[in-house]
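Trainee: After the structure tokens below, expect a handful of questions from me.
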Amino acid sequence: GFLQAVKGTRNRVALMTTYAVGLRAAEAARLQVTDIDSSRMIIRIEQGKGGKDRYVMLSPQLLEVLRAYWRLTKPERWLFPRRDGRGPIHPQTLGIACRAACEFLGVEKRVTVHTLRHSFATHLLEAGTDIRIIQVLLGHRSLATTTLYAQVSTAVIGRTASPFDQLHMEITAPG
């Protein structure tokens with residue numbers, strides 16, 4: 009898959025994290041080791057866009073990935089540090105990693121860091137997650153912004169039950 013094609017452990021894990029919790033590139037880049045709260049299974053997103061911290065879920069699978077990554081790389085302050093260790097990676101580094109993975113896979117359609125965030129929202133919505141929960145996870149002030157992300161696939165529309173189905177209506181001959 010796409011994430012497996014991302015070169016470099018740090019970049020691959022950063023992009024896995026981006027998709028797993030629907031982060032913006034800058035939010036993923038600025039994650040600190042102390043933002044991962046495995047006892048409560050949440051990740052703190054410090055001062056995302058909008059200036060206030062928010063919390064997102066820490067999936068058990070992502071926790072396993074992050075623990076393996078931590079054992080391998082031993083990051084100190086920044087979860088995804090620059091090569092020289094003096095600060096977090098630049099968000100553009102993640103964009104470059106996405107482009108390189110697309111080229112490697114021969115994918116015509118551009119996959120960006122934002123595509124991963126978009127996919128996170130769409131996949132949650134398709135799984136039946138309330139759009140207001142998705143709004144909170146993405147850190148959107150306005151529900152209107154979240155609805156732009158929420159492109160429901162035709163397959164999901166076809167699987168959706170109508171409330172009419174609960175009425176058990178019958179057509180009988182008159183009289």
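Quick note: the sequence shown uses this note's numbering, first residue 9, plus one each step. Here a beta-carbon is modelled for each residue, glycine too, at the ideal position from N, C-alpha and C.
1) Is the beta carbon of arginine 125 sitting closer than 7 Å to the one on glycine 59?
2) Select from Arg48, Ala109, Leu66 the residue whose C-alpha is nearest the C-alpha of valine 14.
3) Start and end of the alpha helix (DSSP H) containing isoleucine 104?
4) Compare the beta carbon distance of isoleucine 51 and aspartate 43 with 7 Å and say whether it is the shorter of the two.
5) Rounded to the nearest angstrom, what separates arginine 79 and serine 150 at their Cα positions?
6) Hey, out of Tyr63, Val41, Gln40, whose CA is closest to arginine 48's CA?
7) Using a threshold of 7 Å, state whether the C-beta atoms of valine 119 and cysteine 106 are closer than that.
8) For alanine 37, collect the residues of the same chain with a Cβ closer than 8 Å to its Cβ; drop the 5 residues on either side in sequence, then sort them by chain order.
9) Would you list the one or two residues that DSSP bridges to tryptophan 86?
10) With a 10 Å radius around its C-beta and 16 neighbouring C-beta atoms as the bar for buried, classify glutamine 143 as buried or exposed.
11) Considering only the alpha carbon of each residue, which of Ser67, Thr155, Leu74 lies closest to aspartate 138?
12) Is the separation between the beta-carbon of glutamate 72 and that of isoleucine 53 shorter than 7 Å?
13) Could you compute how far the alpha carbon of arginine 20 sits from the alpha carbon of isoleucine 104?
14) For arginine 62, write down the residues that DSSP places opposite it in a beta bridge.
Mentor: Taking the coordinates as given:
1) The sequence position of residue 125 within the sequence shown is 117, counting from 1. The sequence position of residue 59 within the sequence shown is 51, counting from 1. Result no, Cβ atoms of arginine 125 and glycine 59 do not sit closer than 7 Å.
2) By 1-based counting over the sequence shown, the position of residue 14 is 6. Residue Ala109 is the option with its Cα nearest to valine 14.
3) Start at 1 with the first residue of the sequence shown, and residue 104 comes out as number 96. Where isoleucine 104 is concerned, the enclosing alpha helix (DSSP H) stretches over 99–113.
4) Locating residue 51 in the sequence shown gives position 43, counting from the first residue. Locating residue 43 in the sequence shown gives position 35, counting from the first residue. Yes, the Cβ-Cβ distance between isoleucine 51 and aspartate 43 is below 7 Å.
5) As a first step, residue 79 must be located in the sequence shown, where it is residue number 71. As a first step, residue 150 must be located in the sequence shown, where it is residue number 142. Near 39 Å, if we compare the C-alpha coordinates of serine 150 and arginine 79.
6) Locating residue 48 in the sequence shown gives position 40, counting from the first residue. Arginine 48 has its Cα closest to that of Tyr63, out of Tyr63, Val41, Gln40.
7) Indexing the sequence shown from 1 puts residue 119 at position 111. Indexing the sequence shown from 1 puts residue 106 at position 98. In contact: valine 119 and cysteine 106 (Cβ atoms closer than 7 Å).
8) Sequence index remark: in the sequence shown, residue 37 carries index 29 (1-based). Same-chain partners within the cutoff: Ala22, Phe88, Pro96, Ile97, His98, Pro99, Thr101, Leu102.
9) As a first step, residue 86 is located in the sequence shown; it is residue number 78 there, counting from the start. Answer is Gln40.
10) As a position in the sequence shown, residue 143 is number 135, starting the count at 1. Classification of glutamine 143: buried, given that the 10 Å Cβ count is 16 or more.
11) Against the sequence shown, residue 138 aligns to sequence position 130. Ranking Ser67, Thr155, Leu74 by Cα distance to aspartate 138 puts Thr155 first.
12) Within the sequence shown, numbered from 1, the residue matching residue 72 stands at position 64. Within the sequence shown, numbered from 1, the residue matching residue 53 stands at position 45. Their beta carbons are not under 7 Å apart, which means glutamate 72 does not touch isoleucine 53 by this criterion.
13) Along the sequence shown, read from residue 1 onward, the residue named residue 20 stands at position 12. Along the sequence shown, read from residue 1 onward, the residue named residue 104 stands at position 96. Roughly 12 Å separates the two Cα atoms.
14) Here the question's residue 62 lines up with position 54 in the sequence shown. Arginine 62 is bridged to Ile53.
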